[in-house]
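Remarks on the structure that follows.
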Amino acid sequence: MPLNIVLIEPEIPNNTGNIGRLALASGSNLHLVKPFGFEITDARLKRAGLDYWQHLNLHYYENLEEFFSKNKDANMVFLSSHGESNHWDISFENNMFLVFGKESVGLPKALLEKQENKLFKIPLYSNHVRSLNLANAVSIVVYEGIRQITRQS
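Going left to right, the sequence shown walks through residues 92 to 244 as our numbering numbers them.
Following this line, the structure appears as structure tokens:
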């Protein structure tokens with residue numbers, strides 16, 4: 092079933108470490124697109140991922156171009172607060188790629204414009220919150236995907 096979690100230019104090591112743990116717990120693959128806002132050897136990344144990091148199915152990419160080139164035939168959806176449709180409207184499938192942007196600014200504007208028809212958001216019910224923490228957002232979307240996929244089986 093694995094889903095593919097894609098982090099474009101992650102900036103906060105604790106988030107990436109927690110998402111790594113989530114990827115392993117959910118049977119998902121983790122794809123990390125450089126540049127990172129930290130070193131992979133960062134103690135905060137390792138602490139958040141604990142001793143699970145070595146068990147991850149992990150893929151690294153030097154940049155967006157390499158990521159899209161190596162995964163050109165993949166079924167992808169993009170998560171952003173700029174999406175019009177909600178994350179539960181995604182038709183989740185096995186091996187789907189769930190693409191998330193960096194913590195400070197989200198997905199690049201050019202990518203948002205290019206992927207407008209595959210753009211989804213997690214609804215927020217307060218005007219006082221711009222977005223959710225990246226690790227929380229990834230968790231919400233991954234487990235909704237698992238819920239939908241396992242119901243189809």
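Using N, Cα and C, we set each Cβ at its ideal position, and we do this for glycine too.
(request) List the whole-angstrom C-beta distance separating residue 166 from residue 184, where the pair is believed to meet the contact cut-off of C-beta under 8 Å. (result) Taking the first residue of the sequence shown as 1, we reach residue 166 at position 75. Taking the first residue of the sequence shown as 1, we reach residue 184 at position 93. Contact flag correct, Cβ pair sits at about 6 Å.
(message) Taking its Cβ as the centre, do 16 or more other Cβ atoms sit within 10 Å of residue 176, making it buried, or is it exposed?
(response) Taking the sequence shown and counting its residues from 1, the one referred to as residue 176 is at position 85. Its Cβ having fewer than 16 others within 10 Å, residue 176 is exposed.
(message) Going by C-alpha to C-alpha distance, which of 242, 158, 243 and 201 sits closest to residue 95?
(response) On the sequence shown, residue 95 is found 4 positions in, with the first residue counted as 1. When each option's Cα is compared against that of residue 95, the closest is 158.
(message) Please state the DSSP three-state secondary structure of residue 171.
(response) Numbered from its first residue, the sequence shown carries residue 171 at position 80. Correct three-state label for residue 171: coil.
(request) Would you list the residues sitting across from residue 200 in a DSSP beta bridge? (result) For the purposes of this step, residue 200 is taken as the residue at position 109 of the sequence shown. As DSSP reads the structure, residue 200 sits in no beta bridge.
(message) Could you give the first and the last residue of the continuous beta strand (DSSP E) run that contains residue 97?
(response) For the purposes of this step, residue 97 is taken as the residue at position 6 of the sequence shown. Residues 95-99.
(request) Determine the burial state of residue 111: buried for a count of at least 16 other Cβ atoms within 10 Å of its Cβ, exposed for fewer. (result) The residue labelled residue 111 in the question sits at position 20 within the sequence shown. That one is buried.
(message) Helix, strand or coil, according to DSSP, for residue 220 in the structure here?
(response) Translated into positions along the sequence shown, residue 220 becomes position 129. Residue 220 falls in the coil class under three-state DSSP.
(request) Kindly identify the DSSP beta-bridge partner or partners of residue 191. (result) The residue labelled residue 191 in the question sits at position 100 within the sequence shown. When beta bridges are read from the DSSP output, residue 191 appears opposite 98 and 170.
(message) What does the alpha-carbon distance come out to for the pair residue 188 and residue 163?
(response) Residue 188 sits at position 97 when you count from the first residue of the sequence shown. Residue 163 sits at position 72 when you count from the first residue of the sequence shown. Rounded to whole angstroms, the separation of the alpha carbons of residue 163 and residue 188 is 11 Å.
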